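If you're matching them up, the sequences are chains S and R in order.
Just so it is clear: in the first sequence, position 157 is 157 by the UniProt record's numbering, and no numbers are missing.
Just so it is clear: in the second sequence, position 20 is 20 by the UniProt record's numbering, and no numbers are missing.
Down below is the structure, laid out as structure tokens.
Number of protein chains: 2
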Amino acid sequence: MELQVRLCQFFFFLTILQYSSSARILRIDKPDWHDVAASARWLVSQNIWGVLSTLSIEHQGAPFGNVVSFSDGLPGEGKGIPYFYLTTLDPTTRNALKDSRASFTISESPIGTCKMDPMDPTCSKLTLTGKLLQLEERSEEEKVAKKALFTKHPEMMDWPKGHDFRVFKLEIINIFLINWYGGAKSITVDEYLRYKPLKVSSF
Amino acid sequence: MELQVRLCQFFFFLTILQYSSSARILRIDKPDWHDVAASARWLVSQNIWGVLSTLSIEHQGAPFGNVVSFSDGLPGEGKGIPYFYLTTLDPTTRNALKDSRASFTISESPIGTCKMDPMDPTCSKLTLTGKLLQLEERSEEEKVAKKALFTKHPEMMDWPKGHDFRVFKLEIINIFLINWYGGAKSITVDEYLRYKPLKVSSF
């Protein structure tokens with residue numbers, strides 16, 4: 001019986017450990033799909049990476065999607081504008097410096113809240129179309145953006161200084177959101193940007 | 001003590017349940033990064049969604065990335081060519097039917113094997129650039145592609161018939177792979193497509 005008690009303790013602590021490891025993540029609950037601005041801002045605040053598409057110099061203007069990390073602000077304080085830390089060694093950066101037209105695409109799938117296939121309309125997806133612009137070095141906005149990026153992606157601080165990393169933002173012109181059945185939802189850039197800060201809950 | 005035994009059984013079964021739920025996934029081990037063809041094919045075979053970028057009709061030729069599900073074959077039998085099940089209700093499909101230039105981008109991140117930030121070079125990423133082409137209806141290739149898609153994405157079979165879903169493939173022209181430090185790896189389309197089928201192991 002002594003062994004059983006020890007086993008019991010072991011499995012109890014193993015269970016606690018498994019649940020506590022996910023409890024450290026600061027999360028905001030998924031908004032109701034009717035609230036399209038909240039849905040779009042939630043996707044941006046909760047994701048840490050997406051695909052940034054530019055027009056390829058190398059491939060004569062073909063679209064070129066690239067996996068990038070991003071941040072729209074400190075956790076719980078995002079403003080909806082995605083910031084990026086990009087090197088000119090990367091074709092995406094060179095493309096943007098020639099032609100700033102770009103789109104940034106994220107999915108609900110990495111957040112872990114999708115109950116259906118990643119392409120099912122209930123698994124939200126967002127494409128922000130606009131201009132990928134380099135921020136002025138040492139400007140106030142660059143300072144804010146760097147803090148937002150380095151807080152969500154601490155590894156960035158150690159990326160090689162010689163790689164010519166620069167801070168960019170996507171100036172949003174159009175928002176394409178699917179977060180339920182019935183096609184893309186209607187949402188203006190103004191509605192998206194004016195959305196009031198999300199309530200943070202930790203679980 | 002009776003209660004302790006019951007508790008012990010409870011936590012034991014809870015632990016077993018948690019591990020067995022992930023054991024059902026059929027997985028192929030991550031290849032060594034030196035083997036670039038294996039790395040690229042592994043990313044394609046193990047992912048179930050990515051971002052498909054086309055040239056937007058609506059936004060005057062701006063790049064438009066869209067989250068899509070895909071399949072390159074039955075599990076363990078992928079051929080490296082991504083197939084898609086797209087509706088003409090979606091702008092991506094309409095863009096491709098006007099100008100087939102496209103790229104398809106996937107990350108190692110959703111597979112769950114990245115140890116670093118999604119943008120760190122050790123967290124592999126792949127961009128296939130080429131032409132997004134509709135397959136001939138009722139052709140042999142369409143039959144193969146549908147089987148590949150419906151096996152990985154069974155929900156697709158129930159998607160509304162009236163939504164004009166069609167099967168597309170990406171005819172690959174260029175491969176951009178980062179799977180380690182040192183910039184994009186050199187890999188031809190021929191090396192990628194000729195890569196021998198991957199050995200399947202279940203764990």
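Each residue gets a CB set at the ideal place from its N, CA and C atoms; glycine is no exception.
Model, not experiment: these values are computed from the prediction.
Asked, Found
"Could you check the C-alpha separation between R:Leu128 and R:Ala102 for me, to the nearest Å?", "8 Å"
"Residues of chain R with CB closer than 9 Å to the CB of S:Phe64, please, in chain order.", "Ser53, Pro63, Ser103, Thr105, Thr127, Thr129, Phe176"
"Say whether chain S places a C-beta atom closer than 7 Å to the C-beta of R:Val189.", "no"
"Quick one: using the 10 Å Cβ neighbour count with 16 as the cut-off for buried, is R:Leu126 buried or exposed?", "buried"
"Using 8 Å as the cut-off, can you tell me whether the region 178 to 186 of chain R makes contact with the region 147 to 158 of chain R, which would need three or more C-beta pairs spanning the two stretches below that distance?", "no"
"Shortest alpha-carbon distance to S:Tyr83 belongs to which of S:Trp42, S:Glu58, S:Leu132, S:Ser109?", "S:Leu132"
"In its own chain, which residues sit with a C-beta less than 6 Å from the C-beta of S:Ile172, not counting the 5 before and 5 after it?", "Leu128, Gly130, Val189"
"Quick check for students: name the residue ranges of the beta strand (DSSP E) that lie wholly in the region 142 to 187 of chain R, counting only runs of 3 or more.", "165 to 178"
"If contact means a Cβ-Cβ distance below 9 Å, which residues of the region 140 to 173 of chain S contact chain R?", "His153, Pro154, Glu155, Met156, Trp159, Ile173"
"Quick one: grab the DSSP three-state call for S:Arg138.", "coil"
"Could you check whether the Cβ of R:Ser39 sits closer than 7 Å to any Cβ belonging to chain S?", "no"
"Pairing CB atoms from the region 86 to 99 of chain R with CB atoms from the region 83 to 100 of chain S, are three or more of them under 8 Å?", "no"
"Rounded C-beta distance between S:Pro63 and R:Pro63? I'm assuming under 8 Å.", "4 Å"
"By the criterion of Cβ-Cβ separation under 7 Å, what are the contact partners of S:Leu89 in chain R?", "Gly183"
"Assign R:Leu135 to one of two classes, buried (16 or more other C-beta atoms within 10 Å of its C-beta) or exposed (fewer than that).", "buried"
"To which residues does DSSP link R:Asn66 through a beta bridge?", "R:Leu52"
"Can you give the Cα-Cα distance for S:Glu108 and S:Lys30, rounded to whole angstroms?", "10 Å"
"Compare the C-beta of R:Ser45 against all C-beta atoms of chain S and say whether one is closer than 7 Å.", "no"
"If distances are taken between C-alpha atoms only, which option among S:Leu43, S:Trp42, S:Leu52 comes closest to S:Leu170?", "S:Leu52"
"To be precise: take each residue of the region 108 to 124 of chain S, compare its Cβ to all Cβ atoms of chain R, and keep it if any distance is under 7 Å. Which residues remain?", "Ser109, Pro110, Met116, Asp117, Pro118, Met119, Asp120"
"Select from R:Ser71, R:Glu77, R:Pro121, R:Met119 the residue whose C-alpha is nearest the C-alpha of R:Tyr195.", "R:Glu77"
"Give a yes or no on whether the minimum CB-CB distance between S:Val67 and chain R is below 7 Å.", "yes"
"List the residues of chain R whose Cβ lies closer than 8 Å to the Cβ of S:His34, in chain order.", "The premise fails here: S:His34 is roughly 21 Å from chain R at the closest Cβ pair, so nothing lies under 8 Å."
"What residues of chain R sit near S:Ile57, judged by a beta carbon separation below 7 Å?", "Those do not exist, as S:Ile57 stays about 12 Å from chain R at its closest Cβ, beyond 7 Å."
"Please list, in chain order, the chain A residues whose beta carbon lies closer than 8 Å to that of R:Trp42.", "Among the chains of the structure shown, chain A does not appear; the protein chains present are S and R."
"Does any residue of chain S bring its CB to less than 7 Å from the CB of R:Trp180?", "no"
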